[in-house]
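These notes concern the structure reproduced below.
Pasting the structure below:
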């Protein structure tokens, strides 16, 4: 992503210092002259001191720019931090850059983040872009691609070319958002129109013109992520599925999530899987709810969160999803809720009797309840369905099962 620097800011020049007034020592007229000059000198000193004390954030920011131009980064940072504390947006951005890069102050990502956020909330597009960078890279904060997207979008909509490029990159790569080639091209073009070289390079690599007169869809290729479909998944079918998913079809969203999860679009992408499963789950599609719960359980594509895992698995289980029941039974076992786990596990096995892993879960619950013989029979069935499965065999042997 493109980082916004201080270059290009207008520099303000400080006023020349007040001249030193001469003092005449003598008697009579000379003494009066001396007194007059002393009074004038005193007033000059008072004016100089009070004008410095009364300098507002605008003047402090300008003084910081002048110091920065003169190579005094320490003084620049002092002026900028003073102005930033008074609410000056450009100063907040400037001191944010200072802490980000370690210019005149010790490098401190947390403080950089603090000042970028202050400035961005006042509508500073450069700060919004840099704040997006911090969230994307996890500098001074937990990495959060969705939050990065929010700030890039704000910067882009305020017309900042670096923000427009960053947003385009997110759409091109499908980071924090569903991959969308057309959206990527749209924002690259906006940045390129302002002369950003990186945007022009990306447009050339995408094989489209940088001028806004060209069609919004460029060469008409499908969205990011579909170019390298797996051998068993044709690009045409994927594109049709993607369009249906974008139109809001819950089943298509669930299927597209599975393609990302399984790596049938070139590589496994858990974040995209989570994105599409969430879209589908919010429409009460049972399989998607169960799959989203599984992602939260494992921390794949989303932060690991047992409460959210239970929430989605329970919703899926109430709709009869067997996999959700099986996974929910595993969670309940960790909480020593064996009777509830047994009910769910039996229900899962009844719905899908040919799923070996479901039988493994049932066997484990039965062992926890002291029903050894019933557990061994369940493991017999599990290994009939999945002969030689290492995870089932290892789990069964922990409980003394021998076959």
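Residue numbers (the working numbering): 53 to 455. Backbone N, C-alpha and C define an ideal beta-carbon position, used for all residues, glycine too. Given the structure is predicted, the values throughout are model-derived calculations rather than measurements.
Element boundaries [alpha helix (DSSP H), containing residue i]
i, result
"residue 118", "109-121"
"residue 417", "408-420"
"residue 439", "Unbroken run through residue 439: none, as it is neither H nor E."
"residue 204", "197-209"
"residue 390", "390-403"
"residue 237", "233-245"
"residue 189", "177-189"
"residue 220", "213-225"
"residue 125", "125-137"
"residue 254", "249-257"
"residue 382", "374-386"
"residue 311", "302-314"
Three-state secondary structure (DSSP) of residue i
i, result
"residue 290", "helix"
"residue 447", "helix"
"residue 423", "coil"
"residue 355", "coil"
"residue 152", "helix"
"residue 428", "helix"
"residue 166", "helix"
"residue 142", "helix"
"residue 323", "helix"
"residue 348", "helix"
"residue 453", "coil"
"residue 365", "helix"
"residue 333", "helix"
"residue 295", "helix"
"residue 343", "helix"
"residue 360", "helix"
"residue 338", "helix"
"residue 230", "coil"
Closest Cα partner of residue i within the set the options
i, options, result
"residue 206", "189, 186, 190, 179", "179"
"residue 196", "353, 390, 382, 403", "353"
"residue 154", "380, 341, 404, 128", "128"
"residue 323", "416, 161, 312, 333", "312"
"residue 416", "334, 256, 406, 433", "433"
"residue 339", "296, 137, 242, 302", "302"
"residue 111", "121, 124, 134, 123", "134"
"residue 236", "165, 448, 335, 217", "217"
"residue 124", "294, 150, 425, 109", "150"
"residue 437", "449, 451, 409", "409"
"residue 487", "248, 241, 250, 249", "The structure shown does not extend to residue 487, since the chain is modelled only from 53 to 455, so the question has no answer here."
"residue 224", "390, 194, 258, 199", "258"
"residue 403", "386, 448, 372", "372"
"residue 108", "136, 121, 122", "136"
"residue 234", "382, 420, 254", "254"
"residue 367", "294, 445, 335, 321", "335"
"residue 231", "248, 309, 356", "309"
"residue 337", "190, 304, 385, 351", "304"
"residue 239", "249, 392, 219, 331", "219"
"residue 330", "229, 200, 251", "229"
"residue 445", "375, 418, 411", "411"
"residue 325", "391, 395, 227, 192", "227"
"residue 355", "162, 387, 194", "194"
"residue 422", "319, 451, 387", "451"
Residues near residue i by beta carbon distance below 6 Å, same chain, minus five either side
i, result
"residue 171", "141, 144, 145, 179"
"residue 345", "361, 364, 365"
"residue 414", "397, 401, 430"
"residue 349", "361"
"residue 116", "128, 131, 132"
"residue 267", "Summary for residue 267: the model assigns pLDDT 34, below 50, so the residue's position carries little reliability; its value from the coordinates is reported in the next sentence. Counting only Cβ-Cβ distances below 6 Å, and skipping sequence neighbours, we find nothing."
"residue 448", "431"
"residue 392", "384"
Nonlocal neighbours in the same chain, by C-beta distance under 7 Å from residue i, ignoring five residues either side
i, result
"residue 177", "207, 210, 211, 212, 215"
"residue 119", "127, 128, 131"
"residue 440", "none"
"residue 246", "213"
"residue 333", "340, 341, 344, 364"
"residue 174", "141"
"residue 157", "129, 150, 151"
"residue 169", "183"
"residue 201", "222, 228, 229"
Any non-hydrogen atom of the ligand ATP within 7 Å of residue i CB
i, result
"residue 204", "Among the components of this structure there are no ligands whatsoever, and the ligand ATP is therefore not found."
Close Cβ partners of residue i (< 8 Å) along its chain, the five nearest in sequence each way excluded
i, result
"residue 358", "348, 349, 383"
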